[in-house]
Each structure stands twice: as structure tokens, then as C-alpha cells.
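In my numbering, the protein residues as written are 234 to 349.
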């Protein structure tokens, strides 16, 4: 049986959010989709698995014809592409999309950005 990790994608609607999470103005995160991300068998849900999941999520939410049901649902609801400043929470960890890669977001900053 494949392990699945609860995953939530948040879009950042703060002014100039594409400069980065909390860079120009406090982040304003809005949850737009929640799904369970499969973890390949024989893989612990550690940093390597999380990084692979983040790359898959980024790709699926930025291509014209996504291959996963959750990404198809995301596109059908009219959401924009995942971009710098947006956040993906996988399990108990949150990651901000950066201009190159992903930056971890502490729980207190995630909570504050969701409350904004």
C-alpha cells in the first residue's frame, strides 16, 4: 500500500508576492486545494521525498495538461499557476516557492500568513 501525505496548496495574494514570501509585504495565503500526495514505496517521507513531491506539485500546477486528478481539479477551478511566494504544506512542513527551489516556512509564519 502506498503511503499518502496530506498536502495543501496556498496562493499568496499579498502585494508583490512574486518577489518572495514575506519579502515586500506580509504574505496573505489562501488555501486553494487539499489532496493526499502519494509517497513512492520504500521511501521515507523525509526531505528527499518532500523535495520530489514539491517538484511534482510545481510541475503539475504549471503545465497545460496536468496528469494528476488534483492538478486537473486545480486548473478547472481557474486558479493561476503556482508561483514565487506561494506555499505548499506537505504533512507538518510548509515550503515557499522561491525563484530557485523552495524555502522552508516556520509554523508561526505560516499561521500568520493564513490569518492575514
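Note that the Cβ used here is the ideal one computed from N, Cα and C, for glycine as well.
In summary, residue 344 is exposed, with fewer than 16 beta-carbon neighbours lying within 10 Å of its beta-carbon over all protein chains present. The shortest CA-to-CA distance from residue 316 to any of 236, 239 and 245 is the one to 245.
Between the alpha carbons of residue 287 and residue 242 lies a distance of about 10 Å. Exposed is the label assigned to residue 334, since fewer than 16 other Cβ atoms lie within 10 Å of its Cβ. Taking a 10 Å sphere around the C-beta of residue 250, we find 16 or more other C-beta atoms and assign the residue as buried.
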